[in-house]
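Residue numbers (my numbering), protein chains in the order written: chain A, 1300 to 1913; chain B, 13 to 869.
Here the structure comes first, spelled out in structure tokens, and everything after it is commentary.
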Amino acid sequence: MAKRGIVIIFLTLVLIASSVCSFIHRSEQDEEPITVYLWSIEMMNEYVPYVQSQLPDVEIQFVVGNNDLDYYSFLNENGELPDIITNRRFSLNDAAPLDDCLLDLSGTEQAGSIYYGYLENYRNADGEVKWLPLCGVVDGFVANRALFEKYDIPLPTDYASFVSACKAFEQHGIRGFVADFAYDYTCLEVLQGLSIPEMMSFEGQTWRHAYETTEPGTTSLDDTVWPAAFETMEQFIQDVNLKPEDTELSYTPVIEMFQNGEVAMIRGGADFVSSNNNPDIMDPVILPYFGQNGEEWLLTYPAFQVALNNDLNNDMEKKQKALRVLDVMLSEEAQNILANKKDVLTYSKDVELERSEALNNLEPFISSNHLFVRLASSDLFAISQDVVQKMIEGEYDSQQAYEAFNEQLINPKASEKDIVVTFDKAYPYEFRANGGNQATSVMANTLRELYSTDVLIAPGYSFTSPIMNTGYTEQMAGYMIMPNSLKVWYREMSGAELRELLRVSVEGKEGVFIPFNKGSLPTVSGLSLEVKEKSNRVFTLSNVKINGKDLQDSETYTVAYLNTESYQDKISAALYPSEEEPFIVGDERVINTWKTAMKEGHLLAEPSDYITLK
Amino acid sequence: MRKKAIEARSKYSKPIRSIAVMLFALLVLGSSFLYFRFVSTTIFEESSEHLSEIYTQIERSIDDLVSERWNIMDVWVPYLQDMNDEDQIYAYLEQQQEQWGFTEFYFVSSNGEYRTLDGIYGYLNLGSDLTKLIDEQKPIVVDAALPGSPELKVFAIPLAADSYKDYHYQAIAISYDNDDIVNILQTSTFNGQSDSYLVYPNGRVLVNNENIDHREISNFLAYLESDTDMAKEDVESLRQSFSEGLSGVTAFKANGESFYLVYCPIQSQDWMLLGVVPVDVVNASMSDVLTVTIVAIVCIVMMVFVALILYIVRQHRRSLEEKDAEIQYQQALFSTLSDNIDDVFLMLDAEDLNVSYISPNIESVLGIPEEEMRTNVSALRRVSRAFDGDSIFDSLSSISQGERKEWNREIINAETGDSRYLYIVAYRTEVNETECFVLVLSDCTRERNLNHSLNEALEIAQSANKAKSNFLTNMSHDLRTPINAIMGFSELLNSDAEKGEIVREYASKISSSSQHLLEIVNDILDMKKIESGKTVLNIADFSLSDLMKEQYDIILQQAQVKNQKLDMCCKGNYSDRVMGDKTRLSQILLNLLSNAVKYTPAGGHIRFSLEGENQFSGDKVLVRFTVADDGYGMSEEFQKKLFDPFSREETQQKQGIQGTGLGMAITKNIVDLMGGTITVKSRPGEGSTFVIELLLLSAESEGNEEKCDQKNKDKEMVENASIEGMRILVAEDGEMNAFVIKALLDREGAISEIASNGEEALRMFESSVPGTYDVIFMDIQMPVMNGYEASRAIRLCNHPEASSIPIVALTANAYEEDIKKALEAGMNAHLAKPINIETMKQVIHHLQTKESAEGVD
């Protein structure tokens, strides 16, 4: 009798213990994560896994978002503003619409660790600090020192020598300077970089402060600073002999020209210098923006700015977690990983970043604090692109440019308002152990329909936002797919191959993306995965089912794999080293396919329970 | 009643004591709390004031420092403007740098650009302060630290636009590292244990001295919120105070240590000065006082507590001692009782019958060692099967609370093997909330034996009582019968006095009845005499055949009356004449024969026989007298007490048969006295056979014959003795007796004089002439002077024959001691009443013979 009692008690205890463990396990699995939106997929490489690894007790949903504050405003309008957002393109006035929904960080330890001078750039009219900058990227002219030596042309030390060098190279049939003027940021940076003295004058600083602290369209260009800036630009175009077709130059051809010795100087950053430092071939060296008045400045900008959702104030526990995440994101190690030895400048008092020799010649500018932080409002990017390109093309002289710039500045283009699609059903962007992420599943299933394949695999960084019950403009619909460079890669493969591809996607592979938390697991369509989570967020693919049945190795399936080109190359190299082009790449970027489908009224597919995490 | 009162008092005293202690403790705690609150408040106020004073001084120092640096530069302005020689300016400022110790001098342009004296250009990131400096023309202090450079404070003042070496400037500035400010912050008041900060109103740290082992703090308010016990609301309140430039003191706790936080605005800047000082450091001096006070209070309280505790402990100890003493007394009492009584106490656990208590006397009572019993209660089985199996132990379980069971069991002492009787009582009770059985094993062996003896004695007493009742009843009857005859015949004598023949017949009847009465009295006296060991055998030779014949003749008449057949025979080769007490022998034979007649119905047969056998060469004769009848017989039970005095078997057949119940007892005693045996065989309805065996001295042997001859001669002399003519003084107070004696003596021819008491007898003897009296018969119990006194007086008087005159005691006191006392009183012989003239003659003769023999000599 007593023995039976003991057995019953033991079994009861076992049941209770297993229930509690199960509950705890489920609770851990389905714990509400801290959502961190990344401005770029580049952060996914090492930075994000590092941050997650430092916070084993915090589940972080990293999402590759957009480098556009409008996107976060859109999310905010629909009550989906993430806990932490990051953005590179930034100005206080761009960020102003989000001010009310962002946490004031001025009184935080994290803000306290930013040098006073830099932090002041983020103080709004109310004295609040809503954004904190991470390390500064250095931008300037990059000269091919080997080419200079080859032609015995001295490296420029000021604007005059810069122009002389350009002219000297032209005599050798070599362009003195070109830049990827196809991009708005190049146009903006060259325009501002050449006019840093004006921008840093008392008037320039006063104007900048006024511009950034007022709503777009209310502050026109300063009539002292900016005419000079356009004149400088005009003079520069002439001095370096920029051609109208240069406005179509993108990054790759410019780099190729530079590597091929077809151009002596380009616009570039310290990261390019340190990562392409090969004296035998190129030996790049970074030079400051030479002011035409003799002043020399470096143009810098933060790698990104980070802000926290003000709603965190409603949940102190979550706020503390978010602040811990922010702390790690701003930590020295994280910043070093982010910089990847690409010679960035720190803004934080307690952070020392490694610096390569590539920046040695910039030390005087750094020590004298001749570091200009670009003014990077979205308006200025667009206007700069338009005006600078037209100046290069000869359409505007300096005065016209000034006027056109001013016109666009005080009469900003109305933001796109046309709703191209309205979703009548919302799906949250959150990972569930039983089923996966509904929002990404909807997008994956919809795209598989569009691509008409048996299977679609999208890495964890593929999709951006929840599906909201609201109207989407074309741009916002496009922002659902990230990164911009995401493409579709097709391959007909056997069940065995498919299983291996899925295994690599789930378990990761050295040199390829390795999922670091459940939010980074891939989204699949047309099949379902059974994944086991070991300790320390290590995942194992345990089973694959198609239509409820086990995947057959001998069967053949058409597979659409969504990926960026760089990641896809790694996948191909890892899985199909002997094949030159194992996948057939789709013509359209996924974002475009998606936008088109949405515009054309393609209905969203239903989500499916594509993953079971145990 | 007293116990209840004590219990009640004990019941209520504990809670009352507890409440009193609690109230006292609460009082102490409350007082302590109020005191500490008062002290803490006072200390906080004092400390706040103290800290405020100190940090106000620091704030003024910092203000002075800033003002001083601005003032220094203000002094330079006229020089700079007046000096045209740039080399002079350089030298002047270099000298100033040496004097004031600034790290760098800057010509500052309107956009924050600078040029140093040495021609180094740079940019001071003055932020919004640039507007203040250039636009508002106000002096500023800026934290101009840059990555890779040391902490730097730039003090700048505006001035009229000017130029130095073609560098246009609108302000000048000097920079200092933070050391001098830190030096000010690092007040020595607290021995370097304080921590001071210059912060912006939002808490951002501008400068701090970092004396305390704090981690790097970038924002003090954030630090307070995240790393201290300060509530968020309090932090916000502090933030508000910072924003409004208010001063104050508060406290917080970090890493388990308490700190004062004093804050005050820097008047000249939008800064706040914060001081963080450990409470212990600030309150060090006051803490000493407080500590002493606290120690004193604690000591007093402790002493009170200790005293209270000691009192309670003492009371408790006393109570315990009293209880211990009581327990020890009870234990001693119990042990003494246990040791001295035959009760064994056992306490057994109700569940498993394990021994909880056992009284130490178990070994003496049961023979089982105490230790053995403690380990195994089954050891009881060694002494009795009563403790086996389903007996007492099994019965225990059926006893309910308050119920008791009892057993009487015989046991065998395991050590001695003695049989003992136990009275066992078991009951169930509860001790210390544990159910147990209590067994009391009382050794009642002595009581049982005593009761047994008492019962036996009671039975004997009852039997004796009954016998005596019967005796008295019989005596009454037996005595009354002859008395009745005597009285009746005496009456008849009066009426028929003239009729000589009838008178003689009546006299004969009276004599016979008197003789019977005397026999009865003699029997009783005999019995009394035998029992008291006073019987003396009167040995003389006699003829066995004569004895047989005489008895036969006596009984034959009685047997014939009842028509019984009486046979007599003598068998064997034996000496007929033997030495013995014929009278006693006759007495016992007559007893047996008369009983045979009495207890044999009419027509019955009685056999009276003698078997004789010479033994020891004819010196002795073994004689066996047998009296057998076929009468009623006796039960076996009665046969056992046949020889007890006053024993008579009461059966229907024996009703009406006279008897004292002493006959057989006398017979047995006399036989025993003679060294013989008497046996009886009897069965109810079949009759009884009594056999007496005696070993008698033969009178026919040579030595025995001489003795017999002498005795016979004596007897012959007595038979021939005559008292005729003798003068006899008789002292007798009883008139009747005196008359009878005188009549008998007169009948024998003797001359007698009567004295009514001893004194008279003495007087008569003293007054008589010698030869007046031949002998004196002296009664003993007499008025005036008893016989003993009179005899002594006679022996002591002056009469010539005082010592020689024979004095013979004549008394009813017939016991041996009476005889002895009489001889001691000077008397010469003793005669027991009733008066027998023959005996008197023999005694007189004997005394005369003795006197003459002594006279011959």
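Where a beta carbon is used, it is the ideal one built from N, C-alpha and C, also for glycine.
These numbers were taken from a predicted model, which means no experiment stands behind them.
Give the straight-line distance between the Cα atoms of residue i and residue j, rounded to the nearest whole angstrom.
i, j, result
"residue 674 (chain B)", "residue 596 (chain B)", "15 Å"
"residue 1698 (chain A)", "residue 1808 (chain A)", "56 Å"
"residue 1819 (chain A)", "residue 237 (chain B)", "33 Å"
"residue 63 (chain B)", "residue 303 (chain B)", "21 Å"
"residue 702 (chain B)", "residue 494 (chain B)", "29 Å"
"residue 820 (chain B)", "residue 708 (chain B)", "33 Å"
"residue 1357 (chain A)", "residue 1351 (chain A)", "8 Å"
"residue 1454 (chain A)", "residue 1555 (chain A)", "21 Å"
"residue 630 (chain B)", "residue 556 (chain B)", "15 Å"
"residue 1624 (chain A)", "residue 1483 (chain A)", "32 Å"
"residue 739 (chain B)", "residue 550 (chain B)", "30 Å"
"residue 357 (chain B)", "residue 466 (chain B)", "29 Å"
"residue 1800 (chain A)", "residue 1821 (chain A)", "11 Å"
"residue 511 (chain B)", "residue 654 (chain B)", "48 Å"
"residue 1465 (chain A)", "residue 1702 (chain A)", "29 Å"
"residue 1763 (chain A)", "residue 1741 (chain A)", "12 Å"
"residue 558 (chain B)", "residue 622 (chain B)", "12 Å"
"residue 633 (chain B)", "residue 686 (chain B)", "13 Å"
"residue 38 (chain B)", "residue 313 (chain B)", "13 Å"
CB-CB under 6 Å to residue i, same chain, minus the five flanking residues each way: which ones, in chain order?
i, result
"residue 151 (chain B)", "82, 169"
"residue 11 (chain B)", "For residue 11 (chain B) there is no data in the structure shown, the boundaries of chain B being 13 and 869."
"residue 1852 (chain A)", "1794, 1795"
"residue 711 (chain B)", "553, 589, 590, 591, 720"
"residue 778 (chain B)", "809, 811"
"residue 14 (chain B)", "For residue 14 (chain B), the predicted model reports a pLDDT of 45, less than 50, meaning its position is unreliable; a value from the coordinates is still stated below. So no residue of the chain qualifies."
"residue 1562 (chain A)", "1474, 1477, 1556"
Can you find a C-beta in chain A that's less than 8 Å from the C-beta of residue i?
i, result
"residue 228 (chain B)", "yes"
"residue 129 (chain B)", "no"
"residue 146 (chain B)", "yes"
"residue 426 (chain B)", "no"
Let me see if you follow: with CB-CB separation under 8 Å, is residue i close to chain B or not?
i, result
"residue 1419 (chain A)", "yes"
"residue 1916 (chain A)", "The displayed coordinates of chain A run from 1300 to 1913. Any statement about residue 1916 (chain A) would go beyond what the structure contains."
"residue 1491 (chain A)", "no"
"residue 1353 (chain A)", "no"
Compute the distance between the beta-carbons of residue i and residue j, then report whether it is under 8 Å.
i, j, result
"residue 1827 (chain A)", "residue 1756 (chain A)", "no"
"residue 790 (chain B)", "residue 835 (chain B)", "no"
"residue 111 (chain B)", "residue 88 (chain B)", "no"
"residue 1458 (chain A)", "residue 1590 (chain A)", "yes"
At 8 Å on the CB atoms, spell out the chain A contacts of residue i, in chain order.
i, result
"residue 463 (chain B)", "What residue 463 (chain B) touches in chain A: nothing, since even the nearest Cβ is about 55 Å away."
Report the neighbours of residue i on chain B: residues whose CB is nearer than 8 Å to its CB, in chain order.
i, result
"residue 1631 (chain A)", "Near residue 1631 (chain A) there are no residues of chain B at all, since even the closest Cβ is about 12 Å away, more than 8 Å."
"residue 1499 (chain A)", "123, 124, 125, 135"
Mind listing the chain A neighbours of residue i? Cutoff is C-beta to C-beta under 9 Å, in chain order.
i, result
"residue 153 (chain B)", "Under the 9 Å cutoff, chain A gives no residues; its nearest Cβ is about 12 Å from residue 153 (chain B)."
Here's a check: name, in chain order, each residue in its chain whose Cβ is nearer than 8 Å to the Cβ of residue i, leaving out the five neighbours to either side.
i, result
"residue 1429 (chain A)", "1394, 1397, 1398, 1401, 1402, 1403, 1404, 1421, 1423, 1606"
Please list, in chain order, the chain B residues whose beta carbon lies closer than 9 Å to that of residue i.
i, result
"residue 1410 (chain A)", "214, 216, 230, 231, 234"
In its own chain, which residues sit with a C-beta less than 7 Å from the C-beta of residue i, not counting the 5 before and 5 after it?
i, result
"residue 368 (chain B)", "359, 360, 361, 448"
Who are the neighbours of residue i on chain A, taking C-beta pairs under 7 Å?
i, result
"residue 140 (chain B)", "1419"
Is residue i near the ligand ADP, in the sense that its beta carbon is under 7 Å from a heavy atom of that ligand?
i, result
"residue 174 (chain B)", "With respect to the ligand ADP, the structure shown offers nothing to examine, as it has no ligands at all."
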